Every structure is written in C-alpha cells, then in structure tokens.
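Next comes the structure, spelled out in structure tokens:
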C-alpha cells in the first residue's frame, strides 16, 4: 500500500484537475451548489460541432424531472471554465439535473451533465407518530390522572407517553480522524493518475492509495492511459465528509 501523505497532513487541493466534471449538491429546500471544470479539449470539440460559430455562448441549463417528461427551468449564463455557484430551484421535493451547454446561432451542443438530485419537501409531514401524543391528548390524560389517581403519582408516569429527560453526562474529550482508502485495477501497463499525480501500480495493474479525509467535499479524479497513449478512461469519485 502506498501512502501519499501521513495521517493528519492534508496538502492544499489543486486549482484544477484537467478532468471535465459537473457536480450538483443539495443545500436546502430551494438551493443547490453546482461546481464544474471544462477542459480545452472538451470546449474545442464543442466549438467544432458548432462550426466555430462566433455567437456561441456557454450556459448552465437547469432541468426538472427526467426524460422524456423533463422540462426546462432556466438557462444561466456561464463565464468561467472552472468554478462553482449556488442555483435557486423553484419547486421543493422535485428531481433536478444540471447541464452545461454551448448555444450557437442555429443549434446547441451538450458538454456535461450532472448527477440527479432531489430537493427536500418544503412542508411538514401531516402523518403523526403514534408514539407521541398531541397536546390535547396529554391534557386529557392529565385531568384523568388528577381526578382519579391523585394518590398514586406513579400512575401518571406510566400513563404518559412523555419520556424522562436524560441525565446530564460528564463532559469527555473525543477526537475523531478519518482516512480514505482508494483501490482499483487498470489494464496492466497502463499509466494511472489520481488528482493529477502518477500512481505506482502492481504488475497486474492493481493499486491502493490512502488519504487523510478532511471535512467537506473531496474530489478524486482517477485517469488511466494506455501504454501507447491512444486510449484513456477517467472516473471521478466524490466523497463528502460531514461530522455532527
């Protein structure tokens, strides 16, 4: 197993990975965070399909639902080839997908599509939990206990679904560190890169890496290039660590 950095030592993330991606993360009922990277190779290919139309512009297209029933929500102008922004979505509890599109005079070309996301519902569920009583029900139980069983305080405790508050605990220290292990296998002899850095592989093409995992979102673009350089394959695992 090769280790890129010791536990607890987290190097700064690179500004770009030279790998195109478009990722959408839900923030709350109406807002999502979208971040992306466009490479020159991908942009050149798109411009060629549009015959290098000088009026071409980039947009972030917001879709609601899935094909063939999906509908266009809006097109947002996109200037930077690398960046991120928050996007407002009008309807809670719906399925959305983002797409980066080159729009020309006569037609458009899709460059990247994001993962599907579902925004949370924007209302309180009407179903009641049978384990908990309503305020009116608790009041009726209290009146019944007060009128009939006042001499036995234990019965009030048994008849009420309310739970006794937990006893305070002594404060203790707790430190948690998290590590991430990435392992995979490529065609023997292929060159493998993770986050733009070359990775040593075993004779059978397998590899194993260990990372210190910080809080937040970490992206690990993994690229394999054949021996003659004629073929390549890219996968982009995205890992989110949230400690509560």
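Residue numbers (my numbering): 3 to 246. Even glycine gets a Cβ: it sits at the ideal position worked out from N, Cα and C. Given the structure is predicted, the values throughout are model-derived calculations rather than measurements.
Checklist entry - In three-state terms, what does DSSP make of residue 46? => result helix
Checklist entry - Distance, Cα to Cα, residue 76 vs residue 207? => result 45 Å
Checklist entry - Run through DSSP, which three-state label would residue 250 get? => result Coverage of the chain is limited to positions 3 through 246, which leaves residue 250 absent and any answer about it impossible.
Checklist entry - Where does the unbroken beta strand (DSSP E) through residue 246 begin, and where does it stop? => result Premise fails: residue 246 is in no beta strand (DSSP E) and is neither H nor E.
Checklist entry - In the structure shown, what three-state DSSP assignment does residue 57 receive? => result coil
Item to check | Burial state of residue 142 (16 or more Cβ within 10 Å) | outcome: exposed
Next on the checklist: Can you give me the C-alpha to C-alpha distance between residue 121 and residue 88, rounded to a whole angstrom?
Outcome noted: 14 Å
Item to check | For residue 197, the three-state DSSP class (helix, strand or coil) | outcome: coil
Checklist entry - Should the segment 66-75 be called in touch with the segment 21-36, which here means at least 3 C-beta pairs below 8 Å? => result no
Item to check | Within 9 Å, strictly: CB atoms of residue 116 and residue 237 | outcome: no
Checklist entry - So residue 21 and residue 42 are in contact, right, with Cβ under 8 Å, and what is the actual spacing, rounded? => result 12 Å between Cβ atoms; not a contact.
Checklist entry - Do three or more CB pairs link the segment 204-219 to the segment 172-187 at distances below 8 Å? => result yes
Item to check | Extent of the continuous beta strand (DSSP E) run through residue 2 | outcome: Here the chain has residues from 3 to 246 only, and residue 2 is not among them.
Item to check | Closest residue to residue 37 among 197, 234, 225, 114 (Cα-Cα distance) | outcome: 114
Checklist entry - Which residues does DSSP pair with residue 173 in a beta bridge? => result According to DSSP, residue 173 bridges with nothing at all.
Checklist entry - Closest to residue 246 by CA distance: which of 202, 58, 177 is it? => result 177
Checklist entry - What does a CB cutoff of less than 6 Å around residue 51 pick up in its chain, not counting 5 residues either side in sequence? => result 111
Item to check | Extent of the continuous beta strand (DSSP E) run through residue 234 | outcome: 234-237
Checklist entry - So, using beta-carbon positions, are residue 106 and residue 46 closer together than 9 Å? => result no
Next on the checklist: Among the candidates 215, 234, 175, 217, whose CA atom is the shortest distance from the CA of residue 195?
Outcome noted: 234
Next on the checklist: Please state the DSSP three-state secondary structure of residue 192.
Outcome noted: coil
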